[in-house]
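Report on one structure; see the data block that follows.
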Amino acid sequence: MAGADREAPASRGGDAGDKPASPRRGAADPVKALMHRHRELCERAVDPLEIAAGLEAHGITDRTAARFRHRDVFSLAEEMYARASRDGDASPPPAPAAPRVRAAWVLLTLLPGALCAAAVTAAHLTHGRTRLVVAAAGALAVALALRAALRRGPLSRTDAGRPGPRPGAAPGRTTPWTLWLAAYALLGNGLLLSALSGGPDALPTGAADGPWPVTVAPVLALTLACAPAAWTAHLLTARARRRLASSRGLEDFAAAVRPLLLGSFALFLGVLAALLTLCAAILGESAAYPEALTLGALLFLARLLTVHGFTYAPAVVLTAAATLQASALALVFTSRLPGCGFLATPVDTLVTAWGAGSVPALVCGAAALALLVHATRKLTRASAHAPAEPDR
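Under our numbering, think of the first position of the sequence shown as 275, with each following residue one higher.
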């Protein structure tokens, strides 16, 4: 009798239609145990790709999938999705379509460049104190337009609702440092040259030949490049999601997306270079290619990472770049104190050899290179391009 009693539970547990009643059943069915750990992900997934992206975000790789008797994460996700759909009462909603172009965000991305062009035109038609007022009002309008453009469309955060944790998605504030970098592009080189020669003796007048020269062409080109940046980000997202649907492994997906990422980056730099040439020709200024292109590359990569939920690295890198630029100015002004003249030697040597634009070019170039390396690691993950969960 005792033996029969011991065998009865085992016999009942062997029925195919019963659910597991003990941890040992989970151990015998590792996929079911994995589904239990990621129950919420399986329940809300609209297709196997979303489960695959969520598993990757939780650190499960193709090698890990082999322990679950699958060749890769995508195959494992397909089984988990099929079993979750079979067990569920309602059929899953259709997979979300590729992101569509909306007229609202198209206009918003064009607005910063249009307002900046209007402000530059108004500043050239005015003089004295009126020019300063017009420039201040124009700067405020452009800042508000940029804020609106970054809250909608391809340049806005789209990672909320994606499956799994967002590695590197720690909160980071980039707006103050972005504004500083843009302000330095407008006023920094003139202030640095004036400081090295003993100035400045007056406030900037908004003229390129004033006591504190202002470089408008790079800033105008960068605001006009807001629209190409949005289009490039949209193109990368659409192509990456198509690759996600056709890839059969994480390494396969990464190898397919990496050229897309580098191609999008090169495309944006090419458009920015063309805008710099056009703005410099219209305004009669130097195009300042090294500092403007490196700054554009830095801001584009920072925004691209932020769009996909990786906000920590852009915040750190932008903070470091802005701090280094501010330190260069601070060293020059501090060198005027008694016994501190040596502090300006590195900056003075650099400016004498390569010009005032070498400071932002070196700083932004190094920062952009760091973000590019980081982006090739983070933005080639399947979890970075998984569609956001649709609004309920």
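All residues carry an ideal CB built from backbone N, CA and C; glycine is no exception.
Quick caveat, the model's predicted, so the values are computed rather than measured.
Can you tell which of A596, A561, A630, H648 has the C-alpha that lies nearest to the C-alpha of T449? A596
P248 to A423, Cα distance in whole Å? What is shown of the chain runs 275 to 666, which leaves residue 248 out entirely.
Does the distance from the C-beta atom of L329 to that of A351 stay below 8 Å? A contact, by the Cβ cut-off of 8 Å.
Assigned secondary structure, R311 (DSSP; H/G/I helix, E/B strand, else coil): helix
With DSSP collapsed to three states, give me the class of E559. Of the three classes helix, strand and coil, the one that applies to E559 here is coil, per DSSP.
DSSP three-state label for T449, please. helix
How would you call F539, buried or exposed, if buried means at least 16 neighbouring beta carbons within 10 angstroms? Buried: at least 16 other Cβ atoms inside 10 Å.
From A391 to V347, what does the alpha carbon distance come to, in whole angstroms? 50 Å
Can you give the beta carbon distance from A576 to V590, rounded, assuming they're within the 8 Å contact cut? A576 to V590, Cβ: 10 Å. No contact.
Close-in-space but distant-in-sequence residues of the same chain around A469 (CB under 8 Å, 5 per side omitted): L603, V606, F607
Can you give the Cα-Cα distance for F542 and T506, rounded to whole angstroms? 7 Å
What number of angstroms, rounded off, separates the C-alpha of G387 from the C-alpha of L546? 12 Å
Assign G701 to buried or exposed, taking buried as 16 or more other Cβ atoms, counted over all protein chains shown, within 10 Å of its Cβ. Because the chain is modelled from 275 through 666, residue 701 falls outside the range shown and cannot be assessed.
Cβ shell of H648 (< 6 Å), same chain only, five flanking positions each side left out: A587
Buried or exposed for P304, going by 16 or more other Cβ atoms inside 10 Å? exposed
Reducing DSSP to helix, strand and coil, say where W486 ends up. coil
Does the beta-carbon distance from A566 to L552 come in below 8 Å? no
In three-state DSSP terms, what is A651? Inspection of the sequence shows that residue 651 is occupied by Arg rather than by Ala. Assignment of R651 by DSSP, reduced to helix, strand and coil, places it in the helix class.
Buried versus exposed call for A476 [16 or more other C-beta atoms within 10 Å across all chains shown]: exposed
I'd like to know whether the C-beta atoms of D408 and A456 end up nearer to each other than 8 Å. Checking the displayed sequence, the identity of residue 408 turns out to be Val instead of Asp. Cβ distance not < 8 Å, so V408 and A456 don't count as in contact.
Short Cβ contact (8 Å threshold) for L573 with L653: Result no, Cβ atoms of L573 and L653 do not sit closer than 8 Å.
Counting only the same chain and skipping the five closest in sequence on each side, list residues whose C-beta sits under 6 Å from that of L389. A415, V416, A419
How is C500 classed by DSSP in three states: helix, strand or coil? helix
So for P386, helix, strand or coil by DSSP? helix
Against chain B, with Cβ distances strictly below 8 Å, would T497 count as a contact? Absent here is chain B; the protein component of the structure consists of one chain.
By Cβ distance, which residues of its chain are closer than 7 Å to G639, with the 5 residues on each side in sequence left out? T568
Buried versus exposed, by CB contacts within 10 Å (16 or more), P620: exposed
Does the beta-carbon distance from G570 to A630 come in below 8 Å? no
Beta-carbon proximity of L534 to R515, cut-off 8 Å: no
Between which two residues does the alpha helix (DSSP H) harbouring D622 extend? Going by DSSP, D622 is part of the alpha helix (DSSP H) stretching over 619-628.
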